[in-house]
Amino acid sequence: MKLHERLRELRSERGLRLKDVAETAGISVPYLSDLERGRTNPSLETLQTLAASYAITVHDLLEGVEFYGASTEGSMPKGLADLVADPTLGPQITPDWVQTLSRIELRGKRPRDKGDWYEIYLHLKRILN
5 MKLHERLREL RSERGLRLKD VAETAGISVP YLSDLERGRT NPSLETLQTL
55 AASYAITVHD LLEGVEFYGA STEGSMPKGL ADLVADPTLG PQITPDWVQT
105 LSRIELRGKR PRDKGDWYEI YLHLKRILN
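Numbering-wise (my numbering), the sequence shown opens with residue 5 and increments by one.
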């Protein structure tokens, strides 16, 4: 995933408008729009401001972006973090599976809840084993 895709994903999965995020982050709507379209790249300061506006770390903001580190709970797609945190189901989801599942997307959409993620995990596990 590219950085601009990750920025749009973070906003969309929270149900926020460009205007909402821009106001919280103290940046202009056109600038945020350009960031989400990949027309410009943010400074480290802008990344920090955007991460703070989403109440996540820069590491979590950048997770999933090509050539950037491992998953943390805050960086996982909605529902997948719930699955990993589940005391019964979570222990069987290895970091490799988290990374694999984090990449799943169909027409720009991802599973939304723990049950959907678990169902996908079970299907993939059955196919790959």
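The beta-carbon is built from N, C-alpha and C at its ideal position, and this holds for glycine as well.
Keep in mind that this is a model prediction, so the values were computed, not measured.
Look at the Cβ atom of residue i, then the Cβ atom of residue j, and state whether they are nearer than 8 Å.
i	j	result
E49	L11	no
V69	L7	yes
L87	L93	yes
L36	A26	yes
S57	T28	yes
K118	E17	no
L136	V33	Nothing can be reported for residue 136: it is not among the residues displayed for the chain, which extend from 5 to 133.
Decide if residue i is buried, meaning its Cβ has at least 16 other Cβ atoms within 10 Å, or exposed.
i	result
A59	exposed
P91	exposed
E123	exposed
D64	buried
L54	buried
E114	Note that residue 114 is Arg in the sequence shown, not Glu. Flag for R114 reads buried.
E67	buried
DSSP on residue i, reduced to helix/strand/coil?
i	result
L39	helix
S32	coil
K23	helix
K129	helix
R18	coil
Below 8 Å on the Cβ atoms is my contact criterion, and I expect residue i with residue j to pass it. Report the Cβ-Cβ distance as a whole number of Å.
i	j	result
W121	L105	6 Å
Considering only residues of the segment 41-119, which uninterrupted alpha helix (DSSP H) runs meet the minimum length of 4 residues and lie entirely inside it, listed in chain order? 48-57, 62-66, 84-89 and 99-106
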